[in-house]
Amino acid sequence: MIVNGILLLYHHPLRRNAATIMEHVEAFERNSRFAVWKVNTEIGFPKNLAKLRFPIVILHYSLWAGMGYHLDEEYLAYLDASRSSYLVAFYQDEHHYCRKRFDFINDFGIRCIYTLLEPPYVPLVYGKYTKAEEVVYHIPGYVSRELIAKAERFRRPYERRKFDVGYRGRELAIYMGRGAREKGEIAREFQRRSRGTGLALDLGTKETRRLYGDDWYRFIGNCRGFLGVEAGVSVFDLEDVVRTEYERLMRAGKNRDFGDFERRLLPQWEDNVYYRTISPRHFEAAAFRTCQILYEGRYSEILEPMRHYIPLKKDFSNFGEVLERFRDRETRERILDVAYEDLIRSGRYSYERFIGEFDDRMLRMGFTSGVEEGVRLRVEEILRENRVSRTLVAAAKWVLETPFPGRPHLSKFYRTYINPRT
């Protein structure tokens, strides 16, 4: 059955995850002029999906885990049988596992790639290693109506916010280069230099300190200022050389050799491909009217220093000046007003605009957006089939991946009687 619309495959675990993932997924369904049916690969393959074919298939960035993609054999078989469809892959975190990604693109005939790489670097990466027909530059996330609503709900009056400066980041492996280390370094050095300043800080870089759902929005709304760096890394491992050597040292327990690793291998790959970008967190801070203190950077040529944020030099040589600017009410409020106007109120970076541009691209290629209501309802019915049983299997699998006493016995029962294919 040929269905005139878009199939969007994505992955979202049953446990809590970053809200920006589902904002990106749901933006297509809510804003596209095309009929969009989304399927979460976490809960297995819908019973009769194989009987449907869609002119456009979107593979969401949430599918691409490093070691193993969130596409089982049934999904891979479906993609293999859908070569007449226009396959579009959205990518983020493109700096590692490159050869695996290139092979996937070529093996399954991905025709269009949405990348975080700026256009000058596309020929060095996808132009050289893949057969993709089109590569489109985009940014990691946009402004959703949900974000604006959350800001209205959780944004506290400025003078009643608990923390002067907040931050949450994730420590990344050293093979990703200097740019990756900035995510932890900014918090540690800001914390050290702030001793004795009277600033109330809540800065976290450990996985256990990460916040999700409404807890994250409450945190932003309770901070007067936010630290930040550009998203991305400074080592783009095109040949998988750096990661492979790093993992070899880890397996061998030779952590002491990391100093030599950094001196010998990383310099050849530092800044070989520019892979830094603005982050959804910068839009979140603007929506919550939280003043951003950011490492100097390009930020996709969207953010401007002293217009949208207070610039902090990476050697902290202007730390005193940064505090003066942050504490100056007139300076701070001007930055907050301009950031909100340019990034949020203007609509230039809204999901509505981004999806509109995606639709225009598809329409120019000759795809049409109409679908009969009966067909729409029939497809929805097919995709709902065996959803409860699929969800239960996924939930059981998730439980079995969580350490607890007796897990080996329960895992054996699960593999034998519930899901023998695992």
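In terms of my numbering, the sequence shown opens at residue 336 and continues consecutively. Every residue, glycine too, gets a C-beta built ideally from N, C-alpha and C.
Between the CA atoms of residue j and residue i - distance to the nearest angstrom
i	j	result
Arg711	Ser417	20 Å
Arg553	Phe363	26 Å
Leu647	Tyr675	20 Å
Tyr644	Gln627	5 Å
Glu715	Trp372	7 Å
Leu671	Phe618	12 Å
Pro615	Val478	8 Å
Arg586	Lys435	21 Å
Lys463	Met402	23 Å
Phe489	Arg598	46 Å
Glu720	Phe596	52 Å
Ala412	Asp650	51 Å
Tyr684	Ala622	12 Å
Leu698	Leu343	17 Å
Glu692	Arg583	44 Å
Gln427	Thr543	23 Å
Leu600	Arg528	32 Å
Ala400	Phe425	13 Å
Arg662	Leu638	21 Å
Beta-carbon proximity of residue i to residue j, cut-off 9 Å
i	j	result
Gly556	Thr625	yes
Leu629	Leu562	yes
Ile717	Asn366	no
Ile378	Arg722	yes
Cys433	Asp537	no
Glu472	Leu451	Strictly speaking, residue 472 in this sequence is Tyr, with Glu absent from that position. In this structure, Leu451 lies closer than 9 Å to Tyr472 by Cβ.
Tyr565	Gly514	For the sequence presented, residue 565 should be read as Glu rather than Tyr. In this structure, Gly514 lies closer than 9 Å to Glu565 by Cβ.
Ile393	Ile341	yes
Pro455	Arg725	no
Met336	Leu387	yes
Glu358	Glu468	no
Ala385	Glu408	no
DSSP-derived helix/strand/coil call for residue i
i	result
Asp606	strand
Phe561	strand
Val457	helix
Val728	helix
Ser419	coil
Glu574	coil
Leu600	coil
Arg488	helix
Lys373	strand
Asp595	helix
Gln427	coil
Glu619	helix
Val710	helix
Which listed residue (the options) has its alpha carbon closest to that of residue i
i	options	result
Phe689	Ile341, Gly476 and Lys382	Gly476
Lys541	Leu507, Glu631 and Ala587	Leu507
Phe437	Pro454, Thr465 and Ile448	Thr465
Arg368	Arg713, Gly705 and Leu727	Gly705
Ile391	Asn375, Glu408 and Ile445	Ile445
Ile356	Leu406, Leu411 and Gly548	Gly548
Val360	His430, Leu349, Arg496 and His395	His395
Ser569	Gly632, Gly401, Arg583 and Val608	Val608
Val577	Gly560, Trp604 and Met585	Trp604
Met641	Leu584, Glu409, Tyr610 and Val673	Val673
Gly632	His430, Gly567 and Ala400	Gly567
Asp606	Phe654, Gly512 and Ile637	Gly512
Ala353	Ser681, Gly655, Asp550 and Gly709	Asp550
Ser420	Glu429, Val457, Phe443 and Phe525	Phe443
Asp499	Val374, Arg669, Gln526 and Arg516	Gln526
Own chain partners of residue i with C-beta closer than 7 Å, once the 5 adjacent residues on each side are dropped
i	result
Gly504	Lys518, Gly519, Ala522 and Thr540
Ser635	Ile474, Thr612 and Ile613
Asn441	Thr465 and Lys466
Val657	Ile628, Ile645 and Leu647
Nonlocal neighbours in the same chain, by C-beta distance under 8 Å from residue i, ignoring five residues either side
i	result
Arg545	Arg503, Arg505 and Gly539
Thr703	Asn339
Tyr493	Arg559 and Arg624
Ile483	Ala622 and Ile679
Ala730	Leu349
Same chain, Cβ closer than 6 Å to residue i, neighbours up to 5 away in sequence not counted
i	result
Ala620	Phe561 and Gln627
Tyr581	Tyr510
His405	His346, Thr376 and Leu398
Lys497	Asn557
Glu687	Asn366
heavy atom of the ligand MN below 8 Å from residue i C-beta
i	result
Ala400	In terms of ligand content, the structure shown is empty, and the ligand MN therefore cannot be addressed.
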